[in-house]
Amino acid sequence: MPASEVPHKLRTVMFADVSGYTALMEQDEGKALEILHQFKEIINANIHDFSGSVIHYYGDGCLIVFDSVIDGVNGALKLQQEFQKSGNIPVRIGMHLGDVVVDSTDIYGDTVNIASRIESIGIPGSILFTEEIYGQIQHRLSRKCKYLGTFYFKNVSNALKVYAFTGDGLAVPNVEQLEGKLQIPLKSNLSRVIQKKSGFIPGMLLMVLIGILFFVRINNNNKPTQEIVEQVKRNGITVMPFANETGSPELDFIGATAMNLLAEGLRSSGQIEVRTPYFIDPRPHLKNIQNYEGYNPVDQSAQEMNYILTGRYYLLNDSIFMSAFILNAYTLEFSTQLAIAKDNSSSFRNVLDEIEQKVLGFWLTKDNPYFQQKTPLRDSYIEYNKAISQWEKSPSEIFKHLRNCLQVDSSFVRGYLLEIVATYIYRTPEKTDSLIKNLERRNLDLSQSERNYFYFLKALNSGNNKLAHDYFFKEYKLAREDLFINSGAVSNAMTLINNPQEAIEVARQVDWRLIDYSDCSYCLDRIEYLALALMAMDSLDQAWNILSVVESRQIDTIDMNLKLLQVRVLVHQKKWSELHEFLEKSRTQDFTYGDQLYLYGWATQEAFLEEEIDHALELGQQTLALIPDQEKPDQAARLSQIYFCMGEFSKVEYYLKRVVAQFNESLADGYQLYYLGKLGYALGREHKVDEATTMIQALDTFASPYLQANCAYAKAQIWLGLNAPDKAIEFLEIALDKGQQFHLFNFEYDPVLVPLKKNVAYRQLLRRYN
24 MPASEVPHKL RTVMFADVSG YTALMEQDEG KALEILHQFK EIINANIHDF SGSVIHYYGD
84 GCLIVFDSVI DGVNGALKLQ QEFQKSGNIP VRIGMHLGDV VVDSTDIYGD TVNIASRIES
144 IGIPGSILFT EEIYGQIQHR LSRKCKYLGT FYFKNVSNAL KVYAFTGDGL AVPNVEQLEG
204 KLQIPLKSNL SRVIQKKSGF IPGMLLMVLI GILFFVRINN NNKPTQEIVE QVKRNGITVM
264 PFANETGSPE LDFIGATAMN LLAEGLRSSG QIEVRTPYFI DPRPHLKNIQ NYEGYNPVDQ
324 SAQEMNYILT GRYYLLNDSI FMSAFILNAY TLEFSTQLAI AKDNSSSFRN VLDEIEQKVL
384 GFWLTKDNPY FQQKTPLRDS YIEYNKAISQ WEKSPSEIFK HLRNCLQVDS SFVRGYLLEI
444 VATYIYRTPE KTDSLIKNLE RRNLDLSQSE RNYFYFLKAL NSGNNKLAHD YFFKEYKLAR
504 EDLFINSGAV SNAMTLINNP QEAIEVARQV DWRLIDYSDC SYCLDRIEYL ALALMAMDSL
564 DQAWNILSVV ESRQIDTIDM NLKLLQVRVL VHQKKWSELH EFLEKSRTQD FTYGDQLYLY
624 GWATQEAFLE EEIDHALELG QQTLALIPDQ EKPDQAARLS QIYFCMGEFS KVEYYLKRVV
684 AQFNESLADG YQLYYLGKLG YALGREHKVD EATTMIQALD TFASPYLQAN CAYAKAQIWL
744 GLNAPDKAIE FLEIALDKGQ QFHLFNFEYD PVLVPLKKNV AYRQLLRRYN
């Protein structure tokens, strides 16, 4: 069979091994054989319950493959449980997720090799696994695990992050005592690994390591070729974050700070154009895209930037090492070393300073004013990047680091802007307004980009969606191919002004086919809004094609938004049999119960929005069948939505009253107002007029001035339930005028507003705001 036809599949691979079997054979052959028999018996009795297949037994070990990560993990946990019950089977397990080559009797590939390496450093009773598996299960299983560190293994080119399951009698290796098929780990256990060898080898190995560092220093003499220096002056350079190889994600801020300082320094020359990481140059992505449709990177203009400035940093014993180098942007191959720095691991600031001075020295003179502001700028960026590292994790930590950032340098504009963004996202509009006024009073010197972004945020917070769009679009026109800015412009075109044609035109500036979607959240956001825009323009087949291709590149995890949009396309195309197949397939893949439920509920609502009532009823019944206990409090909101689409308003009232009972009396949240509006709609549909009108009056009493749009929207919902469409439209117009969260994009996907779709006055309102 030609190599191109050999079947490749994504699989979870497990190695299980009886620890100490060889030594036991020497001591007691009969006991060893009995243990091996029990080992195989337990595997054969349990593995098929988790869709696992034994590829083969080898001596005292076994190679097993699973179709899904969840099955693989649950299978491993079950096996260790059974091994422990037996009392005398010391088994260690290693697992990895990746691509394998499959034939009729065996599997091959790096994934198999890596699983074997992971198993080799385990201890009896342990289950170790890689980052690829951790990424799939971290939000799906309640099982606790421990990060052991980052290690190099024999015959594995890249360092691997290794995790261990904990609890329920599972053993966790002591990192300082790890053995197995290790090469040189990146953590501080290097010296202990060396000390396990004979006295002669560590001396030789240390000399080799020192020699390599010395050779890099002397051979490159810390000087790139003059040709590279001059090309950077002419064409500019892309500066990327330094790679964190410490094994500690909490140190990511160091690499981001190194990038910020070098980019700021190079820009200060006034002669070098600098791109930071969000700029999209298609060439670095060719490793994954492989000349899609004949795309040839060599045909790029000679004026484009040819180089990337980046680096890496890692811990060794009690020191931190950092290196900076230049890569060829066409091939991503190493071009030249720029600098190496080392200091005590607690003195990373000194390392940043040394790297900064050495690298910038190739392009800046020592008397450049930039070097005078180095320390406050460095410390501001450290706190700024620490705040970013806490995004979606800890609001209190975000604001703490931003306060520190601005204490170091009260003129650091980025710190103020990020603080405004954080308060806006965490829904504290009063605080956002106060911060905006504070920045205006300071009268700081903002760059053109900072000014555009500030006025965008100010307009957004005041509810002026059109003005917010216009300011962001000014920034977009300065950097059309900056992927981060481009993504924002695509989403703003849809959410702020409901203009799918503009969204499509903006998205075309960066070809979606040239992007690696495996680890880029805003890349996915961009493609999802592009798909929404195409759907709005009735280009359903094109939207489906884009979503399917992007999904095929999502190796690391299932992106639910992609799945939801695929459901939307199938509903719009009225492909009901394909939709049911799609939903059924989700029940056999690595979807959590919650994800399955959400997907079915979404399909029900999509059918209702398209006024396919019979299909909405059928899908609603299928969703309800997935919820055996409909009295669980955490299902109340979901059940209210399903029964709404099925037209059972007494049940909508019942479940929404359970939801509302949990609310804070101050009604400080827009989502709470939305549920109140929906409850009022249900009461109106049940002809409970007095109760519904009382809710309208209560909204005036409790809603804060910053939630006027939300309040108006909720009133519109209630008036619509009371069969007063003119009053509903009146309050929808107020909601649009006040802005904030409510704009035309939301109107399209609110099931409460479906009865207004054919209302002439409502259509005129939409046209006026479009």
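Quick note on numbering: the sequence shown equals residues 24 to 793 in the working numbering. Using N, Cα and C, we set each Cβ at its ideal position, and we do this for glycine too.
Exercise. Using 8 Å as the threshold, is the stretch 159-170 in touch with the stretch 130-142, meaning 3 or more CB pairs across them?
Worked result: With the cut-off at 8 Å, the stretch 159-170 and the stretch 130-142 do not touch.
Exercise. Would you report the Cα separation of S149 and L193, rounded to the nearest angstrom?
Worked result: CA-to-CA, the gap between S149 and L193 works out to about 6 Å.
Exercise. Can you check whether the CB of V436 is closer than 7 Å to the CB of L480?
Worked result: With contacts defined by Cβ atoms closer than 7 Å, L480 and V436 do not form a contacting pair.
Problem set entry | Bridge partners - H638, DSSP secondary structure assignment | Paired residue(s): none; H638 is not in a bridge.
For this session: Look up F117 in the DSSP assignment and give the residues it is bridged to.
Result: Strictly speaking, residue 117 in this sequence is Gly, with Phe absent from that position. In DSSP, G117 forms a bridge with F38, L151.
Exercise. Going by beta carbon distance, what residues of the same chain come within less than 7 Å of Q653, once the five residues before and after it are set aside?
Worked result: Here the set comprises L662.
Problem set entry | First and last residue of the uninterrupted alpha helix (DSSP H) at Q471 | For Q471, the enclosing alpha helix (DSSP H) stretches over residues 471-485.
Problem set entry | Close Cβ partners of Q628 (< 7 Å) along its chain, the five nearest in sequence each way excluded | Cβ within range, chain order: Q664, C668, P774.
For this session: Under 7 Å Cβ to Cβ from E296, same chain only, skipping five residues before and after it: list those, please.
Result: Result list for E296: G259, in chain order.
Exercise. Distance, Cα to Cα, L236 vs E154?
Worked result: Its pLDDT being 37, under 50, L236 is placed unreliably by the model, and nothing is read from it.
Exercise. Between G148 and chain B, is there a C-beta pair that is closer than 7 Å?
Worked result: Of the protein chains in this structure there is only one, and it is not chain B.
Problem set entry | L483 versus H492 - alpha carbon distance | Using only the alpha carbons, I get a separation of about 8 Å.
Problem set entry | Unbroken stretches of the beta strand (DSSP E), 3 residues or longer, contained in the stretch 244-283 | You should have 260-262.
Exercise. Of the choices K489, A286, A55, L400, whose alpha-carbon is the least far from that of L519?
Worked result: Nearest C-alpha to L519 among K489, A286, A55, L400: K489.
Problem set entry | Exposure label - G82; buried when at least 16 CB within 10 Å | Here G82 is exposed. Its C-beta has fewer than 16 other C-beta atoms within 10 Å.
Exercise. Do three or more CB pairs link the stretch 709-718 to the stretch 740-747 at distances below 8 Å?
Worked result: Output reads yes: the stretch 740-747 touches the stretch 709-718.
Exercise. Excluding the five sequence neighbours on either side, which residues of its own chain have a C-beta within less than 6 Å of the C-beta of V36, listed in chain order?
Worked result: Contacts found: V88, H119, T134, V135, A138.
Exercise. Do you know how far the Cα of N67 is from the Cα of L557?
Worked result: Roughly 51 Å between the two C-alpha positions.
Problem set entry | Of the listed residues A705, L33, F495, I116, nearest to V124 (C-alpha basis) | Answer by Cα proximity: L33.
For this session: For D51, count neighbouring Cβ atoms within 10 angstroms of its own Cβ and tell me buried if that reaches 16, exposed if not.
Result: By the Cβ-count criterion, D51 is exposed, with fewer than 16 other Cβ atoms from all chains shown falling within 10 Å of its own Cβ.
Exercise. Quick one, which of M345, S673, S109, F174 has its alpha-carbon nearest K63's?
Worked result: Cα-wise, what sits closest to K63 is S109.
Exercise. Taking only runs of the alpha helix (DSSP H) that begin and end inside the stretch 505-558, which ones reach a length of at least 4 residues, in chain order?
Worked result: Listed in chain order, the complete alpha helix (DSSP H) runs (minimum 4 residues) inside the stretch 505-558 are 506-518, 523-530.
Problem set entry | Beta-ladder partner(s) of M345, from DSSP | Assignment of beta-bridge partners to M345 by DSSP yields Y336, A364.
Exercise. Quick one, are the C-beta atoms of V262 and F385 less than 7 Å apart?
Worked result: No.
For this session: Return the residue from the list A659, D618, Q596 that minimises the CA-CA distance to E635.
Result: Shortest Cα-Cα distance from E635 to any of A659, D618, Q596 involves Q596.
Exercise. What's the gap between the Cα of K608 and the Cα of L602?
Worked result: So the alpha carbons of these two residues sit roughly 10 Å apart.
For this session: Report back the beta-carbon spacing between I349 and Y336 to the nearest angstrom; my notes put them in contact at under 8 Å.
Result: Approximately 16 Å separates the beta-carbon atoms of I349 and Y336; this is outside 8 Å, ruling out the contact.
Exercise. Can you list, in chain order, the residues of its chain whose CB lies under 7 Å from that of Q731, leaving out five sequence neighbours each side?
Worked result: In chain order, K761 place their CB closer than 7 Å to the CB of Q731, counting only its own chain and leaving out the 5 sequence neighbours on each side.
Problem set entry | Contained alpha helix (DSSP H) runs [length at least 4] in the stretch 368-402, N- to C-terminal order | Secondary structure within the stretch 368-402: the alpha helix (DSSP H) runs of 4 or more consecutive residues, fully enclosed, are 371-383 (chain order).
For this session: On a CA-only basis, which of V572, H424, T280, A266 is nearest S346? Give me that one, please.
Result: Ranked by Cα distance from S346, the options V572, H424, T280, A266 are led by A266.
Problem set entry | Neighbourhood of Y404 by C-beta distance below 7 Å, restricted to the same chain and skipping five residues each side | Here Y404 has T280, N283, L284 as same chain residues with Cβ atoms under 7 Å from its own Cβ, once five neighbours each way along the sequence are excluded.
Problem set entry | For Y170, the three-state DSSP class (helix, strand or coil) | Under the three-state reduction of DSSP output, Y170 falls in the strand class.
For this session: Tell me H79's beta-bridge partners as DSSP assigns them.
Result: In the DSSP assignment, the residues bridged to H79 are L86.
Exercise. In terms of alpha-carbon separation, which member of E709, P656, R708, G707 lies closest to V683?
Worked result: Selected option, being the one with the closest Cα: P656.
Problem set entry | Close beta carbons around G84, own chain, < 6 Å, minus the five adjacent residues each side | For G84, where only same-chain residues beyond five positions count, the Cβ hits under 6 Å are D40.
Exercise. Rounded to a whole number of angstroms, what is the C-alpha to C-alpha distance between G703 and K674?
Worked result: Going from the Cα of G703 to the Cα of K674 covers about 13 Å.
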